[in-house]
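Oh and the sequence shown: position 130 is 345 in the numbering used here, straight run, nothing missing. Glycine is no exception: its CB is placed at the ideal position from the N, C-alpha and C atoms. Down below is the structure, laid out as structure tokens.
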Amino acid sequence: MDPKNHGTSEYPVQNPLRWDCDFETADRISNFNRRFAEYSGYWQSTTFPMDNEDGEPVTFYDSGWKGSPLYTAPQDRTWDEFISESTKHGWPSFRDSEVNWDYVRVLPGGEVVSIDGTHLGHNLPDKKGNRYCINLVSIAGNPITDDTRQLL
Numbered sequence: 216m217d218p219k220n221h222g223t224s225e226y227p228v229q230n231p232l233r234w235d236c237d238f239e240t241a242d243r244i245s246n247f248n249r250r251f252a253e254y255s256g257y258w259q260s261t262t263f264p265m266d267n268e269d270g271e272p273v274t275f276y277d278s279g280w281k282g283s284p285l286y287t288a289p290q291d292r293t294w295d296e297f298i299s300e301s302t303k304h305g306w307p308s309f310r311d312s313e314v315n316w317d318y319v320r321v322l323p324g325g326e327v328v329s330i331d332g333t334h335l336g337h338n339l340p341d342k343k344g345n346r347y348c349i350n351l352v353s354i355a356g357n358p359i360t361d362d363t364r365q366l367l
């Protein structure tokens with residue numbers, strides 16, 4: 216990815232972010248990093264809902280200024296299965312059916328990025344197939360409406 220005005224993106228991450236994710240950590244991991252991650256289990260130290268009583272899928276938005284919808288989980292599995300796999304690996308872990316390919320790319324070598332330049336994490340395939348191990352700080356953005364986008 217070519218350098219932009221703010222690391223790999225044009226702008227810093229949104230502030231505030233969902234689930235009380237830390238702005239400085241999010242900006243560093245999302246925009247000034249190509250290899251590293253938030254610490255394993257970080258997502259469990261936030262207000263991310265471990266219980267999803269209604270079982271409805273949750274959409275995860277790019278922490279970058281555009282707030283593009285990147286993942287929707289769970290798909291083709293239960294919320295408990297999503298949480299269990301994510302807990303086992305230390306980061307939210309998504310499968311192919313949960314990726315919004317309009318906004319997400321996997322680069323050679325396995326780095327996962329948004330089309331807007333946000334470093335998301337890495338593809339770490341296992342016996343079930345592709346597993347996208349993603350930093351919560353990179354997908355804790357707020358959805359941006361058309362009205363909000365006009366102000367940007």
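Exposed unless 16 or more other CB atoms sit within 10 angstroms - verdict on residue i
i: F275; result: buried
i: K281; result: buried
i: F171; result: The structure shown does not extend to residue 171, since the chain is modelled only from 216 to 367, so the question has no answer here.
i: Y254; result: exposed
i: E300; result: buried
i: M265; result: exposed
i: D295; result: exposed
i: D277; result: buried
i: P323; result: exposed
i: G416; result: Given that the chain is displayed from residue 216 to residue 367, the structure contains no residue 416 and the question cannot be resolved.
i: D317; result: exposed
i: T360; result: exposed
i: N220; result: exposed
Helix, strand or coil at residue i according to DSSP, with G and I counted as helix
i: Y286; result: strand
i: I359; result: coil
i: L367; result: Only weak support exists for where L367 lies, its pLDDT of 48 falling under 50; the value from the coordinates is given anyway. Note: L367 maps to coil in three-state DSSP.
Inter-residue Cα distance where the pair is residue i and residue j
i: F238; j: R346; result: 26 angstroms
i: V228; j: T302; result: 25 angstroms
i: F263; j: W234; result: 5 angstroms
i: P358; j: D341; result: 31 angstroms
i: R250; j: S224; result: 16 angstroms
i: S245; j: D269; result: 30 angstroms
i: L366; j: G336; result: Low local confidence applies: a pLDDT of 47 at L366 is under 50, so the model's placement there is unreliable, with the coordinate-based value given in what follows. Each residue's alpha carbon lies about 29 angstroms from the other.
i: Y257; j: S353; result: 12 angstroms
i: V321; j: P307; result: 16 angstroms
i: D240; j: G356; result: Correcting the residue type first, residue 240 is Thr in the shown sequence and not Asp. The straight-line gap from Cα to Cα measures roughly 13 angstroms.
i: P231; j: G279; result: 11 angstroms
i: T333; j: N350; result: 11 angstroms
i: Q259; j: V273; result: 16 angstroms
i: L339; j: E326; result: 9 angstroms
i: S283; j: T261; result: 21 angstroms
Flag this pair as touching only if the segment 309 to 316 and the segment 278 to 294 have three or more C-beta atom pairs under 8 angstroms; answer yes or no. Contact between the segment 309 to 316 and the segment 278 to 294 is present, because at least three Cβ pairs lie under 8 angstroms.
Quick check on the DSSP output: what are the complete beta strand (DSSP E) runs of length 3 or more inside the segment 250 to 308, in order along the chain? Fully enclosed beta strand (DSSP E) runs of 3 or longer: 273 to 276, 284 to 288.
So within the segment 314 to 356, which uninterrupted beta strand (DSSP E) runs reach at least 3 residues, ignoring any that extend past its ends? The segment 314 to 356 contains these whole beta strand (DSSP E) runs: 319 to 321, 326 to 329, 334 to 338, 347 to 349.
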